[in-house]
Amino acid sequence: MPRDRSTSTWLDRGFGLIGALAAVISLLLFVWLIRDLVRLGLPRLSWGFLTGEVEDAGRSGGIGPLLVSTLWILACCLAVVIPLGIGCALWLSEFVRRGSPVARLVTGGVDLLSSIPSIVFGLFGMVFFAQTLKMGFSILSGGLTLACMILPLLVRTTLTALESLPADLRPASAALGLTKTTTTVKILLPAALPGIVVGITLGIGRALSETAALLFTSGYSTRLPESVSDSGRALSVHIYDLALNVANGGPMASSSALVLLVLIFVLNSAAVALSEHWLRRRHSFS
Amino acid sequence: MNCCGISSPPEPNPESGGGCCGSANLCIADLSVHYRDFEAVRGITLNIPEGEITALVGPSGCGKSSFLHSLNRLTDLIPGCRVSGSVHLCDGTEITHPKADILDLRRRVGIVFQRPNPFPQSIRRNFEIPLKEHGWKKRDIPDRMEAVLREVGLWDEVSDRLHKSAVALSGGQQQRLCIARALALEPEVILFDEPCSALDPIASGVVEDLIHSLKGKVTVVIVTHNLAQARRIADQAAVFWVRDGAGALVEHGPAERVFSSPVDPDAALYLSGARG
Chain A
341 MPRDRSTSTW LDRGFGLIGA LAAVISLLLF VWLIRDLVRL GLPRLSWGFL TGEVEDAGRS
401 GGIGPLLVST LWILACCLAV VIPLGIGCAL WLSEFVRRGS PVARLVTGGV DLLSSIPSIV
461 FGLFGMVFFA QTLKMGFSIL SGGLTLACMI LPLLVRTTLT ALESLPADLR PASAALGLTK
521 TTTTVKILLP AALPGIVVGI TLGIGRALSE TAALLFTSGY STRLPESVSD SGRALSVHIY
581 DLALNVANGG PMASSSALVL LVLIFVLNSA AVALSEHWLR RRHSFS
Chain B
625 MNCCGISSPP EPNPESGGGC CGSANLCIAD LSVHYRDFEA VRGITLNIPE GEITALVGPS
685 GCGKSSFLHS LNRLTDLIPG CRVSGSVHLC DGTEITHPKA DILDLRRRVG IVFQRPNPFP
745 QSIRRNFEIP LKEHGWKKRD IPDRMEAVLR EVGLWDEVSD RLHKSAVALS GGQQQRLCIA
805 RALALEPEVI LFDEPCSALD PIASGVVEDL IHSLKGKVTV VIVTHNLAQA RRIADQAAVF
865 WVRDGAGALV EHGPAERVFS SPVDPDAALY LSGARG
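Listed in order, the protein sequences are those of chains A and B.
The first sequence finishes on residue 626 if you use the working numbering, and the numbering steps up by one all the way, no holes.
The second sequence finishes on residue 900 if you use the working numbering, and the numbering steps up by one all the way, no holes.
Pasting the structure below:
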């Protein structure tokens, strides 16, 4: 017997209501988080806070040197992980046969890497970069450790972007007598760029919010770093320290967290804008 | 021995001797294509006359496309695909030679596919990338691009938006762009793999007229399922059929003769519309 029409309508309404409720709860969580951060953190935000030295273990003063350290760590990380991740994905997608033993070995290894907890990367970074390679507690050690952590993410997103390109691009290019290098660099990479940028922005987000991997590698120093071999405290480590180890550090932690959030937003927007600008330039004749 | 009377493969040198096939531009001798254990095409021997349009017709799955793709070594891209026999260009260059310069070969023997496949970049970049790759000077590229876009009748439609994406063009315009892109490299032969079957009737007519206009300028080999189209444009016709599980050439010759009085019984039934 067919179901009563009114029952179907009620079922649809009920289902819609549950979905709407879930959406509202998700939105509320986000709004709540931002509201709390702004309420607790905004009063202390000032130019002096952004540029000032850390004073009284972070209870007063600003976060200037930490912002510099954070950006240095991120720069070291991206400088290593972008060529490595894109290179690895290109090799897997264009130069080895899909499903071959060597391709399976590399993708398996990369996937395994992505399931390792960040604290383990921190320990690895401390032993390998800081001690074995004698980089010490430094911005470089921290950046390289983050690069190891983000590598699988970038390889995966780049690989997915390359594999989802139209299948007829490669024969089209081969039919014109183009070399594999030209095909890869001038045709496939630009076409996959939007997907690669998504990977990089996700990576930036993860790198900036990472604490555990940096605790043992880039160190705690709140001084302004003079080079990448100096120790430097990242913003995320500072927030962790203020919230956990410093009495009455809560309000300053909120202010720092607000700055971190804005920083992630600004860097992600910049990455997207840059890639769009680059694509536009490629489209028009230079 | 192949059709050109060359028993040993010559060095793949474009300067080596000329006109071994007489008026033929492509000499194909005993060409077979295997996909691992499966024989898709068996023992094709055929001369493609220079400057004429040769249509390959036959039902689906009889090896026309495999045969066509082996003529500029695109079959190399397919894992497990093996080609035996020989294909020579009229200057003696052996396409099937293992040491042939594949990149230059694909410039000399271009191909246009069933689905238009412009690069997802600007119209201009679609020409700039291949022309630069084959040694054209940067300052000569705009003129070359304009000349071929005019040749395919696309210049007036796109001259004010060369910086816009090529994939924003209509299907028919994209296909003409792909033909222009192949023509830009000054090929001797262009292979067409069902170039109109993904287009609407009007765009299809435009592309057909364009292919027809290439007669005398470049050697054309076209695979088509549209017998009326083959009749309209072809000088030579070759009918493929499945014989003993593999694609084979059952009839070939001047198009008029093949279409009006085919000798092979399968070809006769196919061309009359009774089979296939």
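The C-beta atom is built at its ideal place from N, Cα and C for all residues, glycine as well.
Note that this is a predicted model, so its numbers are computed, not measured.
Distance, residue j Cα to residue i Cα
| i | j | result |
| --- | --- | --- |
| Gly465 (chain A) | Ile479 (chain A) | 12 Å |
| Gly476 (chain A) | Ala724 (chain B) | 55 Å |
| Ile735 (chain B) | His758 (chain B) | 16 Å |
| Gly545 (chain A) | Thr500 (chain A) | 19 Å |
| Gly655 (chain B) | Cys417 (chain A) | For the sequence presented, residue 655 (chain B) should be read as Leu rather than Gly. Using only the alpha carbons, I get a separation of about 55 Å. |
| Val420 (chain A) | Pro441 (chain A) | 27 Å |
| Glu439 (chain A) | Arg763 (chain B) | Per the sequence presented here, residue 439 (chain A) reads as Gly, with Glu not at that position. Their Cα atoms are separated by approximately 44 Å. |
| Thr524 (chain A) | Ile765 (chain B) | 22 Å |
| Ile719 (chain B) | Phe435 (chain A) | 24 Å |
| Ile426 (chain A) | Pro754 (chain B) | 24 Å |
| Met625 (chain B) | Trp431 (chain A) | Only weak support is given to the placement of Met625 (chain B): the predicted model assigns it a pLDDT of 37, under 50, and the value that follows is read from those uncertain coordinates. Going by the C-alpha atoms only, they are around 42 Å apart. |
| Gly388 (chain A) | Ala792 (chain B) | 51 Å |
| Leu729 (chain B) | Asp570 (chain A) | 57 Å |
| Arg627 (chain A) | Ile365 (chain A) | One cannot answer for residue 627 (chain A) here, as it falls past the ends of chain A, which runs 341 to 626. |
| Phe468 (chain A) | Pro423 (chain A) | 21 Å |
| Ala429 (chain A) | Glu503 (chain A) | 10 Å |
| Gly449 (chain A) | Ser433 (chain A) | 16 Å |
| Leu373 (chain A) | Leu619 (chain A) | 35 Å |
| Ser631 (chain B) | Asn696 (chain B) | Any reading at Ser631 (chain B) is ruled out, since the residue's pLDDT is 40, under 50, leaving its predicted position unreliable. |
| Leu390 (chain A) | Cys488 (chain A) | 29 Å |
| Asp888 (chain B) | Glu875 (chain B) | 6 Å |
| Pro744 (chain B) | Gly559 (chain A) | 46 Å |
| Gly517 (chain A) | Arg731 (chain B) | 6 Å |
| Pro565 (chain A) | Leu411 (chain A) | 11 Å |
Residue i - containing beta strand (DSSP E), residue span
| i | result |
| --- | --- |
| Val454 (chain A) | Reading off the sequence shown, one finds Ser at residue 454 (chain A), where the question assumed Val. No beta strand (DSSP E) contains Ser454 (chain A), which is instead part of the alpha helix (DSSP H) from 441-454. |
| His658 (chain B) | 648-659 |
| Asn750 (chain B) | Note, Asn750 (chain B): premise wrong, no beta strand (DSSP E); alpha helix (DSSP H) at 747-757. |
| Cys705 (chain B) | 705-713 |
| Thr843 (chain B) | 843-847 |
Same chain only: Cβ atoms within 8 Å of residue i, ignoring 5 sequence neighbours per side
| i | result |
| --- | --- |
| Ala640 (chain A) | What the structure shows of chain A is the stretch from 341 to 626, and residue 640 (chain A) is not part of that stretch, so it cannot be assessed. |
| Ser794 (chain B) | Ala827 |
| Asp451 (chain A) | Pro492, Arg496 |
| Ala575 (chain B) | Missing from the structure shown is residue 575 (chain B); chain B here goes from 625 to 900 and no further. |
| Val776 (chain B) | Arg800, Leu801, Ile803, Ala804, Leu807, Leu834 |
| Val606 (chain A) | none |
| Ile415 (chain A) | Checking the sequence shown, residue 415 (chain A) turns out to be Ala, not Ile. Taken in chain order, the residues that qualify are Gly483. |
| Tyr894 (chain B) | Val681, Gly682, Pro683, Val863, Trp865, Gly900 |
| Ala892 (chain B) | Pro886 |
| Asn649 (chain B) | Ile672, Pro673, Glu674, Gly675, Leu713, Cys714, Glu812, Val813, Thr843 |
| His849 (chain B) | Val681, Ser684, Glu818, Ser821 |
For residue i: DSSP bridge partner residues
| i | result |
| --- | --- |
| Gln797 (chain B) | Partner(s): none; Gln797 (chain B) has no beta bridge. |
| Thr347 (chain A) | Paired residue(s): none; Thr347 (chain A) is not in a bridge. |
| Gly877 (chain B) | B:Ala861 |
| Gly734 (chain B) | B:Ile814 |
| Phe691 (chain B) | Phe691 (chain B) is not bridged to any residue. |
| Ser409 (chain A) | Ser409 (chain A) pairs with nothing; no bridge assigned. |
| Gly702 (chain A) | Nothing can be reported for residue 702 (chain A): it is not among the residues displayed for chain A, which extend from 341 to 626. |
| Ala870 (chain B) | B:Arg867 |
| Val394 (chain A) | A:Gly401 |
| Glu718 (chain B) | B:His712 |
Contacting residues, own chain, Cβ-Cβ under 6 Å from residue i (five flanking each side not counted)
| i | result |
| --- | --- |
| Leu548 (chain A) | Ile604 |
| Val657 (chain B) | Ala664, Val665, Ser690, Ser694, Val707 |
| Ala552 (chain A) | Ser458, Ile459, Gly462 |
| Ala531 (chain A) | Leu505 |
| Thr541 (chain A) | Asn608, Ala611 |
| Leu692 (chain B) | Leu815, Asp817, Val847 |
Limits of the unbroken alpha helix (DSSP H) element including residue i
| i | result |
| --- | --- |
| Phe662 (chain B) | Phe662 (chain B) -> not in any alpha helix (DSSP H); beta strand (DSSP E) instead, spanning 662-673. |
| Cys488 (chain A) | 479-503 |
| Val681 (chain B) | Per DSSP, Val681 (chain B) belongs to no alpha helix (DSSP H); it is in the beta strand (DSSP E), 677-681. |
| Arg510 (chain A) | 509-515 |
| Val460 (chain A) | 458-465 |
| Ser789 (chain B) | Where Ser789 (chain B) is concerned, there is no enclosing alpha helix (DSSP H), given that its DSSP letter is neither H nor E. |
| Trp779 (chain B) | 779-782 |
| Gly535 (chain A) | 529-549 |
| Ile403 (chain A) | No alpha helix (DSSP H) holds Ile403 (chain A); DSSP gives it neither H nor E. |
| Phe389 (chain A) | 387-391 |
7 Å CB neighbourhood of residue i in its chain, flanking five on each side removed
| i | result |
| --- | --- |
| Ser594 (chain A) | Leu377, Leu380, Gly381 |
| Thr349 (chain A) | none |
Short of 7 Å Cβ to Cβ, which residues in the segment 717-733 of chain B face chain C?
Although the question refers to chain C, the structure presented lacks it and instead comprises the protein chains A and B.
Report the residues of the segment 495-529 of chain A with a CB closer than 8 Å to any CB of chain B, ordered along the chain.
Pro506, Asp508, Leu509, Arg510, Pro511, Ala512, Ser513, Ala514, Ala515, Leu516, Gly517, Leu518, Thr519, Thr522, Lys526, Ile527
Could you list the residues in the segment 414-447 of chain A with a C-beta less than 9 Å from some C-beta on chain B, going in chain order?
Within the segment 414-447 of chain A, the qualifying residues are Arg437.
Interface positions of the segment 751-768 of chain B facing chain A (Cβ-Cβ less than 8 Å), listed along the chain:
If the cut-off is 8 Å between Cβ atoms, the segment 751-768 of chain B has Glu752, Ile753, Pro754, Glu757, His758 near chain A.
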